[in-house]
Ligand code: GLA
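As structure tokens, then:
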């Protein structure tokens, strides 16, 4: 064997090894980021700290909520994200990486605990220098923050405009097109930073429904976007937000959902009938079901509303179609959501302060007079007469039906 051929053989061996390594690296690096529809095929379900704890939330509260989500049966009913909202942030370290504040002494440990319960973990930030509660935002540190979240094991990010609105206003004035472009750029920047980490993270946009976000939220990587200002724990505000969603159905679908804000069920400001309206309306709207109460201390009534499987199934229906209002007369409204397999969910709502008799005609949804109807709150079958179902709806209440041919 000549010296020449030995060198060639060694070279060839290294070439083969090198190519194999290269292909393996490329394949690994190219492990595709999930599509939006894979990330959030149905509206996200979980719990968020804000509506009950506001700025006081701490590690113990979050642990207790996660534990209660499992022990109460909420996890089994489909709830899975434990999301810390505003006020967890501390200062940045010398390298610019965000640190949690003293309320959250061990964020990676807390996230590990949440994961150990079979749940997923969500966190909160803002494209602005400050969050809405005045804590440190991601401004100037978007890439670093995305990397930190991925390193910690975060699965969901709520990204709230807050102080970035002021920056936009300073730069764009009242130029709506420029305002929108700046919002789009800010959200897309974080989306790209999240994708670059390779960790699947559901991206929740919060800018209060300005600049018709439903028209562009999906194109900047949003899996859900708030369509309104903040909800409050009272019927008037909840109903205003919920019933005002009419017209937005065409913008929602698997991977990209309209978000009329988190639930107030169990926070004490609404009657059982009002909370049933809240849950029914959100399910018909294919809205994210993010509980906002104190899970560790809830009443059996609250739990029953939050875990009504038949109503949750309407929200989580695989077709992913948001419902629409098909009829309205005075305080009475009928909303319909098409379901997989041809069934329809129907909500008969009474907005007024006194009970009302209402007649629902099966022909309103194009169904035959002998269609099968189930009342999803009473958990019983109900029957139409000559294709009409007449029923009393409580004040601020609802009758929710699942109708099949
Ligand atoms: C805004 C959001 C709320 C909540 C608070 C926190 O008001 O809309 O959902 O996140 O900020 O400060």
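Residue numbers (my numbering): 29 to 433. The beta-carbon is built from N, C-alpha and C at its ideal position, and this holds for glycine as well.
| Query | Result |
| --- | --- |
| Residues near residue 172 in its chain [Cβ-Cβ closer than 7 Å; skip 5 each side] | 124, 125 |
| Same chain, Cβ closer than 6 Å to residue 70, neighbours up to 5 away in sequence not counted | 344 |
| Per-residue DSSP class, three states only, for residue 173 | helix |
| Proximity test, residue 236 beta-carbon vs the ligand GLA heavy atom, cut-off 8 Å | yes |
| CB of residue 248 within 9 Å of CB of residue 72, strictly | no |
| Given residue 74 as reference, the closest of 87, 101, 86 once Cα atoms are compared | 101 |
| Beta-carbon proximity of residue 417 to residue 411, cut-off 9 Å | yes |
| Any non-hydrogen atom of the ligand GLA closer than 8 Å to residue 161 Cβ | yes |
| C-alpha gap between residue 55 and residue 61, whole angstroms | In this predicted model, residue 55 has a pLDDT of only 48, less than 50, meaning its place in the structure is not dependable; the value taken from the coordinates is given anyway. Straight-line Cα distance between these residues: approximately 13 Å. |
| Start and end residues, alpha helix (DSSP H) containing residue 459 | This structure leaves residue 459 out entirely; the chain is present only between 29 and 433. |
| Residue 152 beta carbon near the ligand GLA (any heavy atom closer than 8 Å) | yes |
| Cβ-heavy atom distance, residue 254 to the ligand GLA, below 8 Å | yes |
| Proximity test, residue 115 beta-carbon vs the ligand GLA heavy atom, cut-off 8 Å | yes |
| Cβ pair count under 8 Å reaching 3, the stretch 175-182 against the stretch 217-233 | yes |
| Contact check, residue 117 vs residue 164, beta carbons under 9 Å | yes |
| Whole-number beta carbon distance between residue 346 and residue 431, since they are thought to touch under 8 Å | No, residue 431 and residue 346 are not in contact; Cβ-Cβ is about 18 Å, not under 8 Å. |
| Residue 433 to residue 414 span [Cα, whole Å] | 15 Å |
| Other residues of its chain near residue 218: CB distance less than 6 Å, five sequence neighbours each side excluded | 170, 187 |
| Inside the stretch 95-179 only - beta strand (DSSP E) runs reaching at least 3 residues | 109-111, 117-120, 126-128, 148-153 |
| Given 8 Å, three or more beta-carbon pairs between the stretch 365-383 and the stretch 131-145 | no |
| Any non-hydrogen atom of the ligand GLA closer than 8 Å to residue 394 Cβ | no |
| Buried versus exposed, by CB contacts within 10 Å (16 or more), residue 136 | exposed |
| Beta-carbon spacing of residue 342, residue 354 below 9 Å | no |
| Per-residue DSSP class, three states only, for residue 301 | helix |
| Where residue 258 falls: helix, strand or coil (DSSP) | coil |
| Sequence-distant residues of the same chain with beta carbon closer than 6 Å to residue 282, five excluded per side | 65, 69, 348 |
| Proximal residues to residue 420 (C-beta, below 6 Å), its chain only, five neighbours per side dropped | 383, 385 |
| C-beta contact flag for residue 184 and residue 232 at 9 Å | yes |
| Stretch-stretch touch, CB-based, cutoff 8 Å, three pairs: the stretch 313-323 with the stretch 393-407 | no |
| Secondary structure of residue 55, DSSP reduced to three states | Low confidence applies to residue 55: its pLDDT is 48, below 50, so where it sits in the model is not reliable enough to give any reading. |
| Selected residue, minimal CA-CA separation from residue 288, among 326, 241, 95, 153 | 241 |
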